[in-house]
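Data first, discussion second: the structure below is written as structure tokens.
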């Protein structure tokens with residue numbers, strides 16, 4: 001079984017660490033409240049996409065993170081490269097503003113069968129030939145909070161694109177998929193994340209899950225909704241390992257720094 005290593009170094013001021021190859025980051029911004037550290041994610045990213053109403057969030061909220069700066073200057077500095085979606089949420093003045101700055105707009109109002117996040121991930125996968133896809137990691141801000149059906153749809157995208165590294169991020173936590181096809185090593189950035197964590201089997205039960213590095217480790221443990229799932233667990237050190245017979249969601253808290 002192949003090894004897959006994970007590290008939340010994008011939460012640190014500089015990308016460093018010797019546990020995995022350097023990743024190519026893409027940032028997708030959705031239509032929930034943006035994390036307070038969105039400028040840090042923006043800095044790490046080589047491409048920034050707004051999913052429809054996510055552009056409203058960037059326009060409205062980024063200046064609030066820089067209260068001592070001119071709002072227009074902030075909006076010019078944090079200009080998305082692409083706005084993509086069915087265009088049912090973005091305000092006209094926001095669309096006009098970013099269009100005037102050269103942001104590419106991809107209108108997919110004809111497609112009502114996929115979510116805006118799904119549309120953005122498809123675009124990143126299929127229409128960005130200049131990106132290094134071999135070590136690609138997609139950071140998704142504004143994906144959590146608000147309506148539960150939207151959250152469920154965003155989590156479903158992790159499963160629809162299970163071969164891609166996609167991380168959903170809020171002020172409180174991050175979530176990503178641990179595919180059953182790999183043995184996972186998760187390197188904990190204790191200055192910015194933890195200690196609370198969880199392993200959640202969504203979609204199908206896990207007949208057997210084994211972990212190391214947790215306060216309450218699992219040993220060939222069965223997990224299923226209606227039975228045991230690993231919530232409110234605690235990371236103990238710098239590395240957690242996970243091996244499971246089914247795909248699992250990993251979630252860990254983000255510290256209020």
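In the UniProt record's numbering, the protein residues as written are 1 to 257. Using N, Cα and C, we set each Cβ at its ideal position, and we do this for glycine too. Since the model is a prediction, treat every value here as computed from it, not as a measurement.
Are the CB atoms of residue 173 and residue 254 within a distance shorter than 8 angstroms?
Position 254 of the chain shown, counted from the first residue, corresponds to residue 254. Position 173 of the chain shown, counted from the first residue, corresponds to residue 173. Contact flag set, yes.
Which of the three DSSP states, helix, strand or coil, is assigned to residue 122?
Here the question's residue 122 lines up with position 122 in the chain shown. Residue state, collapsed to three classes: helix.
Could you check how far apart the C-beta atoms of residue 185 and residue 23 are, in whole angstroms? I think they sit under 8 angstroms.
The residue you call residue 185 lines up with position 185 of the chain shown. The residue you call residue 23 lines up with position 23 of the chain shown. Their Cβ separation, rounded to whole angstroms, is 15 angstroms, which puts residue 185 and residue 23 out of contact at 8 angstroms.
Taking the CB atoms as reference points, tell me whether residue 235 and residue 211 lie closer together than 8 angstroms.
Reading the chain shown from its first residue, position 235 is the one you call residue 235. Reading the chain shown from its first residue, position 211 is the one you call residue 211. Going by C-beta atoms, residue 235 is not nearer than 8 angstroms to residue 211.
Report, in whole angstroms, the separation of the C-beta atoms of residue 117 and residue 28, which I expect to be a contact under 8 angstroms.
As a position in the chain shown, residue 117 is number 117, starting the count at 1. As a position in the chain shown, residue 28 is number 28, starting the count at 1. Sure, about 7 angstroms apart at Cβ, within 8 angstroms.
To the nearest angstrom, how far is the alpha carbon of residue 178 from that of residue 168?
On the chain shown, position 178 is the one that residue 178 refers to. On the chain shown, position 168 is the one that residue 168 refers to. So the two alpha carbons sit approximately 13 angstroms from each other.
How about residue 216 and residue 196: do their beta carbons lie closer than 8 angstroms?
Taking the chain shown and counting its residues from 1, the one referred to as residue 216 is at position 216. Taking the chain shown and counting its residues from 1, the one referred to as residue 196 is at position 196. Against a cut-off of 8 angstroms, the Cβ pair of residue 196 and residue 216 comes out as no contact.
Report the rounded CA-to-CA distance for residue 256 versus residue 245, giving the unit in angstroms.
On the chain shown, residue 256 is found 256 positions in, with the first residue counted as 1. On the chain shown, residue 245 is found 245 positions in, with the first residue counted as 1. For residue 256 and residue 245, the distance between alpha carbons rounds to 34 angstroms.
By the three-class DSSP mapping on this structure, what secondary structure does residue 92 have?
Locating residue 92 in the chain shown gives position 92, where the first residue counts as 1. Here residue 92 sits in helix by DSSP.
Is it buried or exposed for residue 119, if we count other Cβ within 10 angstroms and need 16 for buried?
Translated into the one-based positions of the chain shown, residue 119 becomes position 119. Around the CB of residue 119, 16 or more other CB atoms lie within 10 Å, so the residue is classed as buried.
Can you tell me where the beta strand (DSSP E) holding residue 195 begins and where it ends?
On the chain shown, position 195 is the one that residue 195 refers to. Here the beta strand (DSSP E) through residue 195 covers 193 to 200.
Which two residues bound the contiguous beta strand (DSSP E) that contains residue 144?
Residue numbering aside, residue 144 sits at position 144 when the chain shown is read from its first letter. Residue 144 -> no beta strand (DSSP E), and no H or E assigned at all.
From which residue to which residue does the alpha helix (DSSP H) around residue 157 run?
The residue given as residue 157 occupies position 157 in the chain shown. Per DSSP, residue 157 is one residue of the alpha helix (DSSP H) stretching across 148 to 160.
Our contact map puts residue 80 next to residue 55 with C-beta atoms below 8 angstroms; I'd like the distance itself, whole angstroms only.
Taking the chain shown and counting its residues from 1, the one referred to as residue 80 is at position 80. Taking the chain shown and counting its residues from 1, the one referred to as residue 55 is at position 55. Rounded, the Cβ-Cβ distance is 6 angstroms, consistent with contact.
At the level of alpha carbons, what is the spacing between residue 140 and residue 61?
The residue given as residue 140 occupies position 140 in the chain shown. The residue given as residue 61 occupies position 61 in the chain shown. Roughly 16 angstroms separates the two Cα atoms.
In or out: residue 84 buried (at least 16 other Cβ within 10 Å) or exposed?
Within the chain shown, numbered from 1, the residue matching residue 84 stands at position 84. Residue 84 comes out buried.
Identify, in the order they occur along the chain, each residue of the same chain with its Cβ nearer than 8 angstroms to the Cβ of residue 193, setting aside the five sequence neighbours on each side.
Counting from one through the chain shown, the residue named residue 193 turns up at place 193. Result list for residue 193: 8, 11, 174, 252, 253, 254 and 255, in chain order.
For the putative contact between residue 199 and residue 248, defined by C-beta atoms under 8 angstroms, what is the C-beta separation to the nearest angstrom?
Residue 199 sits at position 199 when you count from the first residue of the chain shown. Residue 248 sits at position 248 when you count from the first residue of the chain shown. Right, their Cβ atoms sit about 5 angstroms apart.
Between 52, 37 and 49, which lies nearest to residue 63 when the distance is taken from Cα to Cα?
Along the chain shown, one-based indexing puts residue 63 at 63. When each option's Cα is compared against that of residue 63, the closest is 37.
Taking the CB atoms as reference points, tell me whether residue 183 and residue 6 lie closer together than 8 angstroms.
Here the question's residue 183 lines up with position 183 in the chain shown. Here the question's residue 6 lines up with position 6 in the chain shown. Going by C-beta atoms, residue 183 is not nearer than 8 angstroms to residue 6.
Span of the alpha helix (DSSP H) holding residue 57?
For this step, residue 57 is matched to residue 57 along the chain shown. That run of the alpha helix (DSSP H) goes 54 to 61.
Since residue 35 contacts residue 170 with CB under 8 angstroms, what's their CB separation in whole angstroms?
Taking the chain shown and counting its residues from 1, the one referred to as residue 35 is at position 35. Taking the chain shown and counting its residues from 1, the one referred to as residue 170 is at position 170. Between residue 170 and residue 35 the Cβ distance is about 6 angstroms, and since that is below 8 angstroms, they are a contact.
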